[in-house]
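Below: one structure, written as structure tokens.
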Amino acid sequence: MSAEVVAAGANIQLFLFLSLNFYIRMDISIVVPLFNEEDFVKQSLTSLLTQTYPAKQLVVVDDGSTDNSVAIIRELADTYPNLKLIKSNGTSSHAPGEKVVRAFMRGFDALSSDWDVICKFDADIIFPENYLEQLKDAFSSNERLGMFGGLLTIGKKDSWVVESISRNNHLRGPIKAYSKACYNDLGGLRPVLGWDTLDELLAMHRGYQVMIDDKLLVKHLRPTGSKYSFKGAVAKGRLFYELGYGLVLGVLASIKWSFAQRGSLLAALRGFLVAWLSRKPKFVTCKEARFIRRYRWSQIFSRFIS
């Protein structure tokens with residue numbers, strides 16, 4: 000067999016592979032928890048409803064809004080049949096982490112059809128028109144990809160810049176997408192503070208890849224709050240214990256967080272040390288904690304090396 004024939008056969012195989020990948024149908028479902036977002040929700044949902052690759056279903060969960068958010072969503076739903084509103088009859092209460100995850104789960108339970116990728120998005124984000132198409136391509140080309148997303152940007156003067164707490168090594172909670180295998184392996188999202196750090200670490204422990212496309216930029220209309228209350232800082236410090244960080248790593252994490260987020264260092268250290276001394280239950284098993292500590296230390300050492 001001549002080299003030309005072999006080359007032609009290889010080219011045909013490549014063409015068929017690329018064509019098959021292009022036409023692969025991937026069903027994407029989106030759940031958006033929402034509370035009092037009348038200033039942003041129309042722009043946010045419209046950016047998702049007009050994607051080059053459409054979502055199969057988009058469920059918005061109103062968590063007790065007292066503004067005009069529900070009316071805006073209902074108006075959009077009259078135009079877009081894949082948009083569904085879940086209305087809460089109760090009054091929303093502030094419970095960081097737990098509140099948003101429980102709202103997400105109500106939307107997840109209301110999904111009307113099967114899915115290949117599930118997204119948890121916030122209602123104050125404007126997505127580029129090809130966001131879901133890039134998401135689909137990423138998951139369809141990598142069977143070990145468990146989570147995928149872009150980077151959050153915020154408006155500064157006449158430009159959009161990457162949000163200071165957005166990093167290339169952590170996929171932010173407002174724009175998280177999960178493969179079905181990864182989501183099911185994790186047992187869904189956990190209604191706790193730091194859920195979006197916990198699920199990422201557990202996914203990597205189970206052998207899934209987490210990908211952040213630093214060229215896929217979304218606009219965050221309401222920048223993440225940078226000032227934490229004393230109580231919130233205590234809870235953040237306690238989280239480092241609950242993630243299995245250990246004494247030295249937990250103290251370092253509390254110090255780093257307090258400088259990055261302008262939170263109370265005293266409160267964060269108090270939260271961590273009280274939990275560490277009382278040996279409160281953790282969110283992770285001993286094996287998972289060992290993995291998390293090794294991973295976090297490797298990140299610290301890599302920064303010094305680079």
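Reminder that position 273 of the sequence shown reads as 272 in numbering that gives the first Met the number 0, one-by-one numbering, no gaps.
Glycine included, C-beta positions come from ideal geometry on N, C-alpha and C.
Assigned secondary structure, residue 50 (DSSP; H/G/I helix, E/B strand, else coil): coil
Neighbour-count burial assignment, residue 304, 16 or more Cβ in a 10 Å radius: exposed
With 16 as the cutoff for other CB atoms within 10 Å, does residue 282 come out buried or exposed? buried
Could you tell me if residue 240 is buried or exposed, where buried requires 16 or more neighbouring beta carbons within 10 angstroms of its beta carbon? buried
So for residue 176, helix, strand or coil by DSSP? strand
Alpha-carbon spacing of residue 180 relative to residue 137, whole angstroms: 15 Å
Could you name the residues of the same chain whose beta carbon sits closer than 7 Å to that of residue 34, not counting the 5 residues immediately before and after it, in chain order? 62, 63, 64 and 91
Which term fits residue 171, buried or exposed, when burial requires 16 or more other beta carbons within 10 angstroms of its beta carbon? buried
Excluding five sequence neighbours on each side, which residues of the same chain lie with their C-beta closer than 7 Å to the C-beta of residue 125? 42, 43, 46, 217, 218 and 220
My output table needs one value for residue 170: the three-state DSSP class, helix, strand or coil. coil
Report yes if the C-beta distance between residue 268 and residue 236 is below 8 Å; otherwise report no. yes
Drop a sphere of 10 angstroms on the beta-carbon of residue 36, count the other beta-carbons inside from all chains shown, and report buried for 16 or more, exposed for fewer. buried
Local Cβ density within 10 Å of residue 261, reported as buried at 16 or more and exposed below that: exposed
Under 8 Å, with one C-beta from each stretch per pair, do the segment 242-262 and the segment 282-300 reach the 3-pair mark? yes
Residue 20 in three-state terms, based on DSSP: Residue placement at residue 20 is flagged as unreliable, the pLDDT there being 46, under the threshold of 50; the coordinate-derived value follows with that caveat. Of the three classes helix, strand and coil, the one that applies to residue 20 here is helix, per DSSP.
Report the three-state DSSP secondary structure of residue 152 (helix, strand or coil). strand
Integer-rounded CB distance, given that residue 57 should sit under 8 Å from residue 81: 6 Å
What is the DSSP secondary structure of residue 265, reduced to helix, strand or coil? helix
Length of the line joining the Cα atoms of residue 67 and residue 99: 19 Å
Beta-carbon proximity list for residue 52, same chain, < 6 Å, skipping 5 on both sides: 131, 132 and 135
Answer with buried or exposed for residue 315, where buried requires no fewer than 16 other C-beta atoms within 10 angstroms of its C-beta. Only positions 0 to 305 of the chain appear in this structure, which leaves residue 315 out of reach.
Just the C-alpha distance for residue 39 and residue 278, rounded to the nearest angstrom, thanks. 43 Å
When you compare only the Cα positions, how much space is there between residue 96 and residue 234? 11 Å
If you compare alpha carbons, which of 232, 274 and 285 is closest to residue 259? 232
State the start and end residues of the unbroken beta strand (DSSP E) segment that holds residue 29. 27-33
Return yes when the Cβ of residue 287 is within less than 8 Å of the Cβ of residue 204, no when it is not. yes
Same chain, Cβ closer than 6 Å to residue 121, neighbours up to 5 away in sequence not counted: 173
Using a 10 Å radius around the Cβ and a threshold of 16 neighbouring Cβ atoms, would you call residue 198 buried or exposed? buried
Got a sec, what are the start and stop residues for the alpha helix (DSSP H) residue 82 sits in? Unbroken run through residue 82 is the beta strand (DSSP E), 82-86; no alpha helix (DSSP H).
Sort out for me which residues DSSP pairs residue 256 with in a bridge. In DSSP, residue 256 forms no bridge with anything.
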